[in-house]
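Trainee: Shown below is the structure under consideration.
Residue numbers (UniProt numbering): 1 to 204.
The structure is reproduced here in structure tokens:
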């Protein structure tokens, strides 16, 4: 930066270097950066955020083939603090009728995603998730695959292994058998992983 002097150009000190105060000038107080407020740790759920999550998760379950109302009930239970709610609590949260809740509970119970518990000293029931609902769900799927394999073997025998239909059924049988074995191995690894996370104090 050039400063015009008495008939000569004087080179000023580089910008950013400390400048010496000139007589008669006042030193401006240094401006300190204000500390940024730390985000508050939530101890209570955000009702609007919770509602958005429940509806979004339910929509994704619907895309996977779960009926709409059971999907909403399951998502609400997943997001509840204790993993259990009464029919009245579910109805109030989802803004639906008792009949709609009843039908959803019946579906989720039949597919073993939730169970019923009667409150001590009361006729009121609570509906709760299984502690290892995903593990149980995949384990039961393996049981279904095993039955399918047995049925497919009878089909292969019926149409013959050298026919086009036989080869198609045999490949389907091989696929389900492979999937069942790999799922069983994956579930064993999941148990090891889950137990390690719990020992370390992780979220699972």
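Every residue gets a Cβ at the ideal spot worked out from N, C-alpha and C, and that includes glycine.
With the cut-off set at 8 angstroms, would you say residue 155 and residue 136 are in Cβ contact?
Mentor: Residue numbering aside, residue 155 sits at position 155 when the chain shown is read from its first letter. Residue numbering aside, residue 136 sits at position 136 when the chain shown is read from its first letter. It is not a contact, given that the beta carbons lie outside the stated cut-off.
Trainee: Spell out a yes or no on whether the stretch 117-128 and the stretch 78-86 are touching, meaning 3 or more CB-CB pairs, one atom from each, closer than 8 angstroms.
Mentor: Yes, they touch.
Trainee: Mind checking residue 113: buried by the 16 CB within 10 Å criterion, or exposed?
Mentor: Walking along the chain shown from the start, residue 113 turns up at place 113. Buried: at least 16 other Cβ atoms inside 10 Å.
Trainee: Return the first residue and the last residue of the beta strand (DSSP E) that residue 86 is part of.
Mentor: Counting from one through the chain shown, the residue named residue 86 turns up at place 86. Per DSSP, residue 86 belongs to the beta strand (DSSP E) from 84-86.
Trainee: According to DSSP, is residue 167 helix, strand or coil?
Mentor: The residue you call residue 167 lines up with position 167 of the chain shown. Here residue 167 sits in helix by DSSP.
Trainee: Between residue 123 and residue 59, what straight-line distance do the alpha-carbon atoms span, to the nearest angstrom?
Mentor: Here the question's residue 123 lines up with position 123 in the chain shown. Here the question's residue 59 lines up with position 59 in the chain shown. If you take the alpha carbons of residue 123 and residue 59, they lie about 33 angstroms apart.
Trainee: Rounded to the nearest angstrom, what separates residue 199 and residue 141 at their Cα positions?
Mentor: Residue mapping note: residue 199 aligns to position 199 of the chain shown, counting from 1. Residue mapping note: residue 141 aligns to position 141 of the chain shown, counting from 1. Those two C-alpha atoms are separated by around 28 angstroms.
Trainee: Name the residue from 184, 61, 149 and 99 whose alpha carbon lies nearest to the alpha carbon of residue 174.
Mentor: The residue given as residue 174 occupies position 174 in the chain shown. Cα-wise, what sits closest to residue 174 is 149.
Trainee: Can you give me the Cβ contacts of residue 118 inside the same chain, cut-off strictly under 6 angstroms, excluding the 5 residues immediately before and after it?
Mentor: Translated into positions along the chain shown, residue 118 becomes position 118. Correct list, in chain order: 125.
Trainee: From residue 52 to residue 45, what distance separates their C-alpha atoms?
Mentor: As a working note, residue 52 is residue 52 in the chain shown. As a working note, residue 45 is residue 45 in the chain shown. Spanning the two alpha carbons is a distance of roughly 12 angstroms.
Trainee: Tell me the rounded alpha-carbon separation between residue 151 and residue 143.
Mentor: For the purposes of this step, residue 151 is taken as residue 151 along the chain shown, with counting starting at 1. For the purposes of this step, residue 143 is taken as residue 143 along the chain shown, with counting starting at 1. Using only the alpha carbons, I get a separation of about 13 angstroms.
Trainee: Sorry if obvious, but does the Cβ on residue 61 come closer than 7 angstroms to a heavy atom of the ligand ZN?
Mentor: No copy of the ligand ZN occurs in the structure displayed, which carries no ligand at all.
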